[in-house]
Amino acid sequence: MPLSLRTTPADGPLWWIHKRRLAMLLPPALVTLLIACTSVPLPPWTPANAPATSAPGGAETSKPPPPVAVETFPVAPPATFGPPTAPANQPAPYSEAVAARFAAPSVSYSTPGLQSGRIAFTSQSEIQAWLRDQAASASRSGIKAAVLPFGKSQRGETLEALVLTRGSATDPAALMATGRPTVLLIGQQHGDEPAGSEALLVIARELAQGLLQATLERINVVIVARANPDGADQNQRGTTGGLDMNRDHLLLNTPEAQALAALTRDYLPTVVVNAHEYSPVNLFLEKFGAVQKFDALLQYATNANTSEFLTKAAEEWYRRPLLAALKGQGLTTEWYYTTSSDLADRKVSMGDLRPDSGRNVGGLKNAVSLLVQSRGTGLGRLHIQRRVHTHVTALSSVLASTAQRAVELSQLRPYIDKAISAQACKGEAIVQAAPTEAQYDLVMLDPVSGTDKAVTVDWDSALALRSLKTRARPCGYWLSAASSTAVERLRLHGVKVLRITEPGSLLGDSYREISRSEGERQDGREPVPGASPIVLAQVSLTRSVVDVARGSYYVPLNQPLGNLVLAALEPDTQSSYFANRILDGLQSTVRVMVEPNLKLEELL
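Quick note on numbering that gives the first Met the number 0: the sequence shown kicks off at 0 and runs consecutively.
Here it is as structure tokens:
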């Protein structure tokens, strides 16, 4: 019997098909670990290569990093700039009564950017030094650790990840050989959201030499503390080119998103967490006369073709323990939500369903994919310790849950990979879905008194999906020989693509354009910042025998990333490669409806 994804915001998804209730609480040892990690002050940051002075505007003058006696890779020279932020005495954008609702936590976190008197958050060179210090400390405890350069930003800044494992080495094959799940933690995709990055420095330290070390007996961890260094330097949301990289995880137009895709392809994380921040004022104050109150907004992957078993694991193994952990620290939570800039539009929406965000693409790659947003965009350094504490608590909970569920997760991922591969040529796939409209009582804060203010809003629920367009699931897709850019992007994701070595024919459905217009890609309720105009086409299908040339391509769906291929190649959605001009035209693609009898070779 098929399972339903329909839920209400308060209920969460249904039980497993076998009716076995999953554990909602962490085991005592890991609860103790979590509490300890988020309640013990960390020592000040005093690495051997700490900057001697801080120049005006946050630029650092520092000695070059000394060699580190661990398995590492060559390092680019430290950046000559540091990310300026609002000064420490920036006035609060709301009353003292509201500010009083967000007291500093009992723990005081210490990273370069959280030092007393700083006006800048941790610079890129300081992050590089910090990660190397943690790698060196971890190696002294018998942990394999490496700082891995995995790409470049648009301005040429080195993107780096810290890899931590109890395996034999830090390369992808060695992590895979452990049989343990790998967790990928990603911070600061948006440059003006610093709390996640600072928290990941704390997490790196606790994994390398502190209270989270024990989790490495059961899991591997890869940390990308700052995914958008250019945006962080300019204190802006987007990349240097102005594009929101968190909406680029399917198209891969930015070098930053390309690098993260390759890292994910190589390390195959079982769990991915994106650490973000959200704005508590601005539109909500203008629309509802209220300030947002929640310390953390949470959501997992909600794309229509995400495996339902993955959704259940995200809810029952991760979100519920997250709620308990955050509540235990006196931190408030809600589903992630947003609203449009149109002041007359009072609708509030959960995170989008489209397959382009890090959260949703992670789900299409068969990982438990989680979004954690702390309350902080636009606040400068206000409440920064509490914002970092929110992320440290949430990330510690995810690591603890993964360690607790390591055996089940090692079975879940292969099961989902196999199940999705087996769907090729069978049944139907959802091409386009929409959220379910409802009303929801959202608690906000009165901007003067600071007291709770309940507001009933029109609510788009991403937990209850409405199918707008379905099609028979093909066996695969034929792509023309001119589709090399699309092929390169798919392979960056880890999709298997085959080249046709001799002319042949296949039975397929060709797309015929009925109508076309030009439009903007939408980010839930708004146009995606920096995105180019897209082609909005209506199509029909025509089945025929199609002659295919030597040098063209076949992308089979009998592979684990079959659902990601669907998202990229069905042309009449805003996220598709056709709509975004990665494919030249509808004639570049054919839906292959019977397994083809062609001479094929895999691209290497």
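All residues carry an ideal CB built from backbone N, CA and C; glycine is no exception.
- With at least 16 other beta carbons inside 10 angstroms of its own, threonine 164 counts as buried.
- Taken in chain order, the unbroken stretches of beta strand (DSSP E) that lie wholly in the region 357-433 and span 3 residues or more are 367-374.
- Taking the Cα positions, alanine 530 is about 30 Å away from arginine 380.
- Between glycine 209 and the set Leu506, Ser140, Glu315 and Gln372, the nearest pair of CA atoms involves Ser140.
- Here alanine 463 is not near leucine 568, since their CB atoms are 9 Å or more apart.
- Annotation: the region 260-324 contains the following complete segments of the beta strand (DSSP E) (minimum length 3 residues), in chain order: 270-277 and 295-299.
- In summary, leucine 321 is buried, with 16 or more beta-carbon neighbours lying within 10 Å of its beta-carbon over all protein chains present.
- Apart from sequence neighbours up to five positions away, the residues of its chain that approach valine 223 with a beta-carbon distance below 6 Å are Ala160 and Ile185, ordered along the chain.
- Exclusion of the five residues before and after arginine 264 leaves Leu491, His492 and Gly493 as the residues of its chain whose Cβ lies within less than 8 Å of its Cβ.
- In this structure, the beta-carbon distance from arginine 385 to leucine 370 does not fall below 9 Å.
- In the three-state reduction of the DSSP assignment, aspartate 191 falls in the coil class.
- In the DSSP annotation of this structure, asparagine 234 is not part of any alpha helix (DSSP H), being labelled neither H nor E.
- The C-alpha of leucine 259 is placed about 17 Å away from the C-alpha of alanine 145.
- Taking a contact as a CB-CB distance under 8 Å, the pair valine 547 and serine 504 counts as one, their CB atoms being some 7 Å apart.
- Going by DSSP, threonine 541 is part of no alpha helix (DSSP H) but of the beta strand (DSSP E) stretching over 533-547.
- Counting only the Cα atoms, valine 97 lies some 7 Å from serine 448.
- Our two residues, alanine 423 and serine 122, have alpha carbons roughly 47 Å apart in a direct line.
- Here the alpha carbon of glutamate 276 sits roughly 18 Å from the alpha carbon of arginine 318.
- The Cβ-Cβ distance between arginine 154 and aspartate 229 falls below 9 Å.
- A Cβ-Cβ contact shorter than 9 Å links alanine 295 with leucine 325.
- Setting aside the 5 residues that flank it on each side, lysine 598 is surrounded in the same chain by Ile499, Thr500, Glu501 and Gly503, each with a C-beta closer than 8 Å to its C-beta; the list follows chain order.
- Burial check for threonine 455: the Cβ neighbour count within 10 Å stays below 16, so the residue is exposed.
- Around the CB of arginine 590, 16 or more other CB atoms lie within 10 Å, so the residue is classed as buried.
- When DSSP states are grouped into helix, strand and coil, glutamate 517 belongs to the strand group.
- Look at asparagine 562 here: in three-state DSSP terms it is helix.
- Boundaries for valine 591: no alpha helix (DSSP H) harbours it, while the beta strand (DSSP E) harbouring it runs 588-591, taken from the DSSP string.
- In the DSSP assignment, alanine 128 falls within the alpha helix (DSSP H) that extends over 123-139.
- Annotation: proline 413 to aspartate 445 spans about 49 Å, alpha carbon to alpha carbon.
- In this structure, glutamine 187 sits away from alanine 261, with a CB-CB distance that is not shorter than 9 Å.
- Residues Thr181, Val182, Leu183, Val221 and Ala366 of the same chain have their beta carbon placed closer than 7 Å to that of proline 268, with the five preceding and five following residues left out of the count.
- Under a 10 Å Cβ-count criterion, valine 360 is classified as buried, with 16 or more other Cβ atoms of the shown protein chains found around its own Cβ.
- Assignment of threonine 157 by DSSP, reduced to helix, strand and coil, places it in the strand class.
- By the Cβ rule, the region 429-437 counts as touching the region 460-479, because three or more pairs are nearer than 8 Å.
- Every beta strand (DSSP E) stretch that sits fully inside the region 323-350 and reaches 3 residues is listed by chain position as 332-334 and 347-349.
- Residues of the same chain with a CB within less than 6 Å of the CB of glycine 550, apart from the 5 flanking positions on each side, are Ala480 in chain order.
- The straight-line gap separating the alpha-carbon atoms of serine 373 and arginine 345 is approximately 23 Å.
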